[in-house]
Amino acid sequence: MSPASTSHGPSTPASPFSASFDPNESALSTQASLTTPLAIRQGPFYPSGDVQLRPAGPDVSALLAHRLSASFGAIAEQIAAASRALAVPASNAAGALEAPSGGTGGGSPSQSAELVALETRLGIVERAQEQLSADVQQVQAELLRLNGVGSAHGEKEQGEGGIVEVRNGAGAEGTGEFKSATEMAIEELQKKVEGIIETIKLDQARLYARLHNSTVTSNKHPIQAPVTANGKVPQNFPNTKGEFEHLTKERYEHILNAYNVTPKGDTKAKREQLREFIGLTPPTN
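If you count the sequence shown from 1, position 245 lands on 245 in my numbering, and the numbers rise without skipping.
This is the structure we're talking about:
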């Protein structure tokens, strides 16, 4: 056997069947690995606190995405762990709580152990949630900082993340503002969130009128008009259910356009389209 085949690198342990195998050295290396502090071990859900995100670096987006994914993944895992911890049968927990006051010498050891284990798990979950909340807040602070650092006048930073020049102002003398892909994605996300919030508010404002119209059963009963996007009521909106059933094609189209709904089909189709939008009951025979 050649010397090259029996030599071992500094990171390669000797085979137990080799003549140079030292059991004491193996035991020491095993003990050293077991006693390695948990604080320096790497893990997907415990990002190191001393990591600094550089706004001009090429991997800022990847680091932010990784930390957000890790934080939210850990939150989901901790919620699942809390659900499993709370899934203790109610009878066992109640029996363990009532046994000490029953004068029978206390609950069984198994019930007491379950309560202690449950309390321990809940404490771990609470501490983990606090840590995850701090991590998310740190990521949000980094995003806000990056959102304010990306502008520059007359200079263009180079990086793999990509820099896009955005012209602000009117005319050819508008100031040039450079934004990274991360900043543009954040702004786009903020716009989408604001749009969703406005839609929810508008639907809430229309809810009462639709609920009222869903209870109208007679053609003589009054109906209510849901508000439009500008908070007003469409002009020439019918007052009763009977009037609604006999509008002209042009009036149906006008009301649908006021609600930013594209009219489709003939007069009957437009009537049913508007009926569904305002929540009105079907026609009575």
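Every residue gets a Cβ at the ideal spot worked out from N, C-alpha and C, and that includes glycine.
Source: prediction; values computed, not measured.
**Asked** Ordered along the chain, which non-local residues of its own chain (more than five positions away) have a Cβ less than 6 Å from that of G279?
**Response** Once the five neighbours on either side are set aside, the close Cβ partners of G279 are R210, N213, S214.
**Prompt:** Based on Cα-Cα distance, which residue from A205, L202, I186 lies nearest to A141?
**Reply:** Ranking the options by Cα distance to A141, first place goes to I186.
**Asked** So what does DSSP say about T267, is it helix, strand or coil?
**Response** Helix.
**Message:** Tell me whether the segment 250–266 and the segment 228–237 touch, counting them as touching only if at least three CB pairs, one residue from each stretch, are closer than 8 Å.
**Reply:** Verdict: yes, contact present.
**Prompt:** What residue does the alpha helix (DSSP H) around E188 start on, and which one ends it?
**Reply:** It spans 181–213 - the alpha helix (DSSP H) in which E188 sits, taken as one unbroken run.
**Item:** Residues near V227 in its chain [Cβ-Cβ closer than 8 Å; skip 5 each side]
**Value:** Cβ neighbours of V227 beyond the five flanking positions: L202, A205, R206, A209, V233.
**Asked** Going by the CB atoms, is the gap between N257 and A229 shorter than 8 Å?
**Response** The beta carbons of A229 and N257 sit no closer together than 8 Å.
**Item:** Sequence-distant residues of the same chain with beta carbon closer than 7 Å to Q224, five excluded per side
**Value:** In its chain, beyond the 5 residues on either side, A209, H212, N213 have a beta carbon closer than 7 Å to the beta carbon of Q224.
**Message:** Buried or exposed, going by whether 16 or more other CB atoms sit within 10 Å of the CB of R271?
**Reply:** Result: buried.
**Asked** Do you know how far the Cα of T217 is from the Cα of T262?
**Response** T262 and T217: Cα-Cα distance of roughly 27 Å.
**Residue nearest to N219 in terms of C-alpha spacing, selected from T284, G73, I197** = Selection T284, G73, I197 evaluated against N219 yields T284 as nearest (Cα-Cα).
**Request:** Determine the DSSP secondary structure at T217, reduced to helix, strand or coil.
**Result:** Note: T217 maps to coil in three-state DSSP.
**Asked** Which of helix, strand or coil does DSSP assign to T120?
**Response** In the structure shown, T120 sits in a helix (DSSP, three-state: H, G or I).
**Prompt:** Going by other Cβ atoms of all chains shown within 10 Å of its Cβ, with 16 needed for buried, is T182 buried or exposed?
**Reply:** Classification of T182: buried, given that the 10 Å Cβ count is 16 or more.
**Prompt:** Looking at the unbroken alpha helix (DSSP H) that takes in I255, where does it start and where does it end?
**Reply:** Residue range 249–258 is occupied by the alpha helix (DSSP H) that includes I255.
**Request:** Could you please give me the residues that DSSP links to T240 through a beta bridge?
**Result:** Within the DSSP bridge table, the entry for T240 names P222 as partners.
**Asked** Taking the alpha-carbon positions, what's the E245 to A269 distance?
**Response** Rounded to whole angstroms, E245 and A269 show a C-alpha spacing of 12 Å.
**Message:** Using the three-state DSSP reduction, which class does V139 fall into: helix, strand or coil?
**Reply:** It is helical.
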